[in-house]
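Asks: Encoded as structure tokens, here's the structure I'll be asking about.
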Amino acid sequence: MKISRPIVILDLETTGTWIEKDKIIEIAMIRCEPSGERQVFTRRVNPGILIPAEVTQVTGISNEDVKNAPRFSEIAKDVLPFLEGADFGGFNIERFDLPILAREFSEAGMSFHYSKMMIYDAQKIYHLNEKRDLTAAYSFYCHKDLVGAHSALADTEATLEVLQAQIQKYGQGKEEIESLRDFDYKKHGEFYDAERRIRWWNGELYMMFGKYSCKESLKDVAQKDRRYLEWILSQDFSDEIKDLIEDALEGQFPVYEKK
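Each residue of the sequence shown is one higher than the one before, counting from 31 in my numbering.
Take a look at the structure:
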């Protein structure tokens, strides 16, 4: 790879995917210079909050692993010079890694401005150049070309074949379609409702809308501003959210189930 400017390829492991609140638990960077020189920077980071069990399962990083690691604010002075004057590369860094990194720097009392630098996001390039539609899925899972794409019947028959192939690939030896139930399409594990208006963070529920968006837990809002929750009940929210709010007004809150 030939470059005319320094570029830093980076990746973060974090306690979750909420940019406004989740914390870095590991940072890895490779800085490449036009001369061909490379420098590597990698650190475990103590996030100051508990690492969810599902994050440990994915990353292999536990609370025990980072209990003696530095906070990000302690290493920020080493991280920033490593990034200085460089463009950036990574996978999904434009929407995730760089915004979280900028917030962590801000909380450490430092400024990190990446918007004026060139960003080479491998995920973005991949999604722009490789199809991710039914035709692509049919080719990937069934190894056939989809003839008559966008014809309702052709698409329906192809989807049936894709589901059958997914059962064989992911069903762990089972033949029933129920074997795909573990793949939850309607809800993301970090969100409470299908519309993603309320989400889990650090074992508590937070609203993603209104004046308390991302700021205070639902439990705290129920204690300090019952009228706001009563207002939600009068608005056009889903029954799922309204049931949750009614329970909150009665002092009842769901318990986060670790996966």
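C-beta: ideal position from N, C-alpha, C; glycine also.
In three-state terms, what does DSSP make of T72?
Replies: For the purposes of this step, residue 72 is identified with residue 42 of the sequence shown, where counting begins at 1. Residue state, collapsed to three classes: strand.
Asks: Could you compute how far the alpha carbon of L164 sits from the alpha carbon of T189?
Replies: The count along the sequence shown starts at 1 and reaches residue 164 at position 134. The count along the sequence shown starts at 1 and reaches residue 189 at position 159. Cα to Cα, L164 sits roughly 7 Å from T189.
Asks: Is the CB-CB distance between E63 and I33 below 9 Å?
Replies: In the sequence shown, residue 63 corresponds to position 33, counting from 1. In the sequence shown, residue 33 corresponds to position 3, counting from 1. A contact, by the Cβ cut-off of 9 Å.
Asks: Helix, strand or coil: how does DSSP classify R229 here?
Replies: The residue you call residue 229 lines up with position 199 of the sequence shown. Note: R229 maps to strand in three-state DSSP.
Asks: Using only the alpha-carbon positions, how far apart do K174 and Y168 sit?
Replies: Locating residue 174 in the sequence shown gives position 144, where the first residue counts as 1. Locating residue 168 in the sequence shown gives position 138, where the first residue counts as 1. In a straight line, the C-alpha of K174 is about 6 Å away from that of Y168.
Asks: Across which residues does DSSP place R61 in a beta bridge pair?
Replies: As a first step, residue 61 must be located in the sequence shown, where it is residue number 31. According to DSSP, R61 bridges with V38, Q69.
Asks: So, for R256: in the same chain, excluding its five sequence neighbours on each side, which residues have a beta-carbon less than 7 Å away from its beta-carbon?
Replies: Position 226 of the sequence shown, counting from 1, holds the residue named residue 256. Here the set comprises L279.
Asks: On the DSSP bridge list, what partners appear for D151?
Replies: Taking the first residue of the sequence shown as position 1, residue 151 is located at position 121. Answer by DSSP bridge pairing, in chain order: G120.
Asks: Considering only C-alpha positions, which residue in the set L259, E208, K249, W231 is nearest to K53?
Replies: One-based indexing of the sequence shown puts residue 53 at position 23. Among L259, E208, K249, W231, the Cα nearest to that of K53 belongs to W231.
Asks: Excluding five sequence neighbours on each side, which residues of the same chain lie with their C-beta closer than 7 Å to the C-beta of K217?
Replies: Counting from one through the sequence shown, the residue named residue 217 turns up at place 187. Here the model assigns K217 a pLDDT of 46, short of 50, so the residue's position is not dependable, and the following value carries that caveat. Result list for K217: A224, in chain order.
Asks: Does DSSP classify I49 as helix, strand or coil?
Replies: Translated into the one-based positions of the sequence shown, residue 49 becomes position 19. Residue state, collapsed to three classes: coil.
Asks: What did DSSP end up calling Y222 once you bin it into helix, strand or coil?
Replies: The residue given as residue 222 occupies position 192 in the sequence shown. In the structure shown, Y222 sits in coil (DSSP, three-state: anything other than H, G, I, E or B).
Asks: Terminal residues of the continuous alpha helix (DSSP H) containing E208?
Replies: Position 178 of the sequence shown, counted from the first residue, corresponds to residue 208. That residue, E208, is in no alpha helix (DSSP H); it is neither H nor E in DSSP.
Asks: Look at D127 and F71 and say whether their C-beta atoms are less than 9 Å apart.
Replies: Reading the sequence shown from its first residue, position 97 is the one you call residue 127. Reading the sequence shown from its first residue, position 41 is the one you call residue 71. No; because the gap between Cβ atoms is not below 9 Å, this pair is not in contact.
Asks: Use the C-beta contact count for V285: other C-beta atoms within 10 angstroms, 16 or more gives buried, fewer gives exposed.
Replies: What you label residue 285 is simply residue 255 of the sequence shown in a count that begins at 1. Exposed, by the Cβ-count rule.
Asks: Go to Y236, then tell me how far its beta strand (DSSP E) extends in each direction, as first and last residue.
Replies: As a position in the sequence shown, residue 236 is number 206, starting the count at 1. Segment 234-237, the beta strand (DSSP E) holding Y236.
Asks: From which residue to which residue does the alpha helix (DSSP H) around L248 run?
Replies: Counted from its first residue, the sequence shown places residue 248 at position 218. Note, L248: alpha helix (DSSP H), 248-254.
Asks: Along the chain, where does the alpha helix (DSSP H) that runs through L193 open and close?
Replies: Taking the sequence shown and counting its residues from 1, the one referred to as residue 193 is at position 163. Per DSSP, L193 belongs to the alpha helix (DSSP H) from 182-200.
Asks: Does DSSP put I271 in a helix, a strand or coil?
Replies: As a first step, residue 271 is located in the sequence shown; it is residue number 241 there, counting from the start. Three-state result, I271: helix.
Asks: To the nearest angstrom, how far is the alpha carbon of I123 from that of E160?
Replies: On the sequence shown, position 93 is the one that residue 123 refers to. On the sequence shown, position 130 is the one that residue 160 refers to. In a straight line, the C-alpha of I123 is about 19 Å away from that of E160.
Asks: Could you tell me if A252 is buried or exposed, where buried requires 16 or more neighbouring beta carbons within 10 angstroms of its beta carbon?
Replies: Walking along the sequence shown from the start, residue 252 turns up at place 222. Per the 10 Å Cβ criterion, buried.
Asks: To the nearest angstrom, how far is it from the Cα of E56 to the Cα of D41?
Replies: Within the sequence shown, numbered from 1, the residue matching residue 56 stands at position 26. Within the sequence shown, numbered from 1, the residue matching residue 41 stands at position 11. Between E56 and D41, the C-alpha separation is close to 8 Å.
Asks: Our contact map puts I149 next to F118 with C-beta atoms below 8 Å; I'd like the distance itself, whole angstroms only.
Replies: In the sequence shown, residue 149 corresponds to position 119, counting from 1. In the sequence shown, residue 118 corresponds to position 88, counting from 1. The pair is a contact, with the Cβ atoms about 5 Å apart (cut-off 8 Å).
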